[in-house]
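Heads up: the structure comes next, in structure tokens.
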Amino acid sequence: MELQIFKNEQFGEVQLLEINNEPWFIGKEIAEILGYERADNAIRNHVDEEDKLMHQISASGQGRNMIIINESGLYSLILKSKLPQAKQFKRWVTSEVLPAIRKHGAYLTDQVAFNITHDKQALADLLLMAGNQLKEKEAIIHGLEAEKSRLTVENTIMQPKAEYFDELVDRNLLTGIRETAKELKIKQKEFVQFLLDKKYLYRDKKGKLQPFAGKYEDLFELKESRNEKTGWAGTQLLITPKGRETFRLLFI
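The structure is reproduced here in structure tokens:
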């Protein structure tokens, strides 16, 4: 991100950069202008955490991690400053710098406007800054379009699977291990071994398949069964529609 430098005869140079269209200032620079003896302490004690962040600033070809503060953090340092000229600094920033940036997207005072109409280099510098900002916006837009395309493709792929699952839910079908394995086109023994290996099920002391308590409960259902002719009664492990769809996707 391009640093914007603006000058004032009384306060010297102040550097600013825009992040998400919000102006951010170099904290140490502002603290020193406002007369704080220890800039780091001033930022730590007077600027809220949400109003500052660590950012890499490029200077003289090298990148340095520095604390930057937003507009709210700027006002916090101004209000706590004992420097008599603090109010004048605030008036300059709020009446000239910030309005100019919000209006033009760059620090464009009347003097700067005059310069770019009379100095080719000044105009070239401004156009370079505008070009860099445009590239950043285009990169963001390109990224959003790529993400949209990815989601569209994923939705197209998942739609048939979602429709299949909805059909199973609507029919509320519960099937046993054998029926499910047949539907998945694998052997029952292989399917059971898969469920055991992947810790979907375990065998109790009697060797019966059981789902783990509190785990994958929506994939299985235990149903009490009774055969009136033989008098047999027991618990049968069934697989829910969601369970079948889950395993179907795993075996595709």
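Each residue of the sequence shown is one higher than the one before, starting from 1 at the first, in full-length UniProt numbering.
Every residue gets a Cβ at the ideal spot worked out from N, C-alpha and C, and that includes glycine.
Computed from a predicted model, the values in this text were never measured in an experiment.
### Task
Look up Gln10 in the DSSP assignment and say whether it is helix, strand or coil.
Coil at Gln10, not helix or strand.
### Message
Mapping the DSSP letters down to three states, classify Ser58 as helix, strand or coil.
### Response
In this structure, Ser58 counts as strand in the three-state DSSP scheme.
### Message
Since Ile26 and Met66 should fall inside the 8 Å C-beta cutoff, what is the C-beta to C-beta distance between them, to a whole number of angstroms?
### Response
Right, their Cβ atoms sit about 6 Å apart.
### Message
So, with DSSP's three-state summary, where would you put Gln111?
### Response
Because the pLDDT of Gln111 is 49, which lies under 50, any placement of that residue in the model is unreliable, and the number read from its coordinates should be weighed accordingly. For Gln111, the secondary structure class from DSSP, reduced to helix, strand or coil, is helix.
### Message
Taking 6 Å as the limit between beta carbons, can you name the residues of its chain near Lys80, skipping five residues before and five after?
### Response
His46.
### Query
Between which two residues does the alpha helix (DSSP H) harbouring Phe194 extend?
That run of the alpha helix (DSSP H) goes Gln188 to Asp197.
#### Entry: Opening and closing residue of the alpha helix (DSSP H) in which Phe89 lies
Here the alpha helix (DSSP H) through Phe89 covers Ala86 to Trp92.
### Query
Is the CB-CB distance between Leu237 and Phe220 below 8 Å?
Going by C-beta atoms, Leu237 is nearer than 8 Å to Phe220.
### Message
Please tell me whether Lys28 and Ala39 are closer than 8 Å, where the distance is taken between their beta carbons.
### Response
By the CB criterion at 8 Å, Lys28 and Ala39 fall inside the cutoff.
### Task
Check whether the Cβ atoms of Arg203 and Leu209 lie closer than 8 Å to each other.
A contact, by the Cβ cut-off of 8 Å.
### Task
In angstroms with no decimal places, state the Cα-to-Cα distance between Tyr75 and Gln56.
Whole-angstrom Cα-Cα distance: 23 Å.
### Task
Rounded to whole angstroms, what's the CA-CA distance from Gln188 to Glu49? Just pull it up for me.
Taking C-alpha positions only, Gln188 is separated from Glu49 by approximately 59 Å.
### Query
Are Ile69 and Ile30 closer than 8 Å when you measure CB to CB?
Here Ile69 is near Ile30, since their CB atoms are less than 8 Å apart.
### Task
In angstroms with no decimal places, state the Cα-to-Cα distance between Ile19 and Arg178.
Ile19 and Arg178 have their C-alpha atoms roughly 60 Å apart.
#### Entry: Beta carbon proximity, Glu32 to chain D, threshold 8 Å
Given the protein chain composition of this structure (a single chain), no chain D is represented.
### Task
To the nearest angstrom, report how far apart Lys242 and Asp218 are at their CA atoms.
Counting only the Cα atoms, Asp218 lies some 7 Å from Lys242.
### Task
Give the DSSP-derived three-state secondary structure of Glu22 in the structure shown.
Note: Glu22 maps to strand in three-state DSSP.
### Message
Distance check for Phe89 and Glu32, CA to CA, integer angstroms please.
### Response
So the two alpha carbons sit approximately 12 Å from each other.
### Residue of Lys185, Phe247, Glu71 and Glu9 minimising C-alpha distance to Pro99
In this structure, Glu71 is the residue among Lys185, Phe247, Glu71 and Glu9 with its C-alpha nearest to the C-alpha of Pro99.
### Query
Looking only at DSSP bridge pairs, what is Glu224 linked to?
Partner(s): Thr235.
### Query
Which one or two residues does DSSP pair with Thr175 in a beta bridge?
According to DSSP, residue pairing for Thr175 in a beta bridge involves Ile239.
### Message
Please report the distance separating the alpha-carbon of Leu249 from that of Lys206.
### Response
Straight-line Cα distance between these residues: approximately 31 Å.
### Reduced DSSP category for Arg203 - H, G, I as helix; E, B as strand; rest coil
In the three-state reduction of the DSSP assignment, Arg203 falls in the strand class.
### Message
On the criterion of 16 or more Cβ atoms from any shown chain inside 10 Å, does Thr240 qualify as buried, or is it exposed?
### Response
When all chains shown are included, Thr240 counts as buried.
### Task
State the DSSP-derived secondary structure class of Asn70, mapped to helix, strand or coil.
In this structure, Asn70 counts as coil in the three-state DSSP scheme.
### Query
What does Gly63 pair with, by DSSP beta-bridge criteria?
The partner list for Gly63 (beta bridge, DSSP) reads Ser58.
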